[in-house]
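What follows is a short report on a single structure.
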Amino acid sequence: MPIIKILPHAEYCPEGAEISAPAGTSVCEALLDNKINIEHACDMSRACTTCHVIVRQGYNSLNEADEEEEDLLDRAWGLEPQSRLSCQAILAQENLTVEIPKYSLNHAKENH
Ligand code: FES
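Residues 65 to 176 in the numbering used here are what the sequence shown spells out, letter by letter.
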């Protein structure tokens, strides 16, 4: 099973984490199954951007983002070229390193 390394995030996993999940699982599901409670405001229906992650390693092993995902990502806080909506990024066999951005769009709205 591929291993997902999560870089430390003050709120969700201050120490960072390493989890594994079967190929075919979305990154968001894998995180939630391992008690890393990343936001997923639209319930993984690709209608928000709160599940945004940046894939630091293994990006190319994931399924490709479709146009709707790309459009949504344009609105995400802290967008990077390796950004994905974690509920749409499906694990293959390769290990990943994932960073959860400091803020989501919801946070940004609350704080600014
Ligand atoms: S949970 Fe809303 S787009 Fe992923």
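Backbone N, C-alpha and C fix where the C-beta goes; we use that ideal spot for every residue, glycine too.
Quick caveat, the model's predicted, so the values are computed rather than measured.
Asked	Found
Same chain only: Cβ atoms within 7 Å of Ala94, ignoring 5 sequence neighbours per side	Ile68, Ile83, Ala85 and Leu155
DSSP bridge partner residues for Leu160 (one or two, in chain order)	Ile68
Whether Cys77 touches Ser150 by CB criterion (7 Å)	no
Backbone CA spacing between His176 and Asn170 [nearest angstrom]	Legend: pLDDT at His176 = 49, less than 50; position of this residue unreliable, value from coordinates given subsequently. About 10 Å.
Classification of Arg148 by the beta-carbon crowding that lies within 10 angstroms, buried from 16 upward	buried
Cβ-Cβ distance between Leu96 and Gly122 below 7 Å	no
Among Arg120, Pro72, Ile70 and Asp138, nearest to Cys112 - alpha-carbon criterion	Asp138
Three-state secondary structure assigned by DSSP to Ala81	strand
Three-state class that DSSP yields for Ser168 in the structure shown	coil
Beta-carbon proximity of Ala81 to His116, cut-off 7 Å	no
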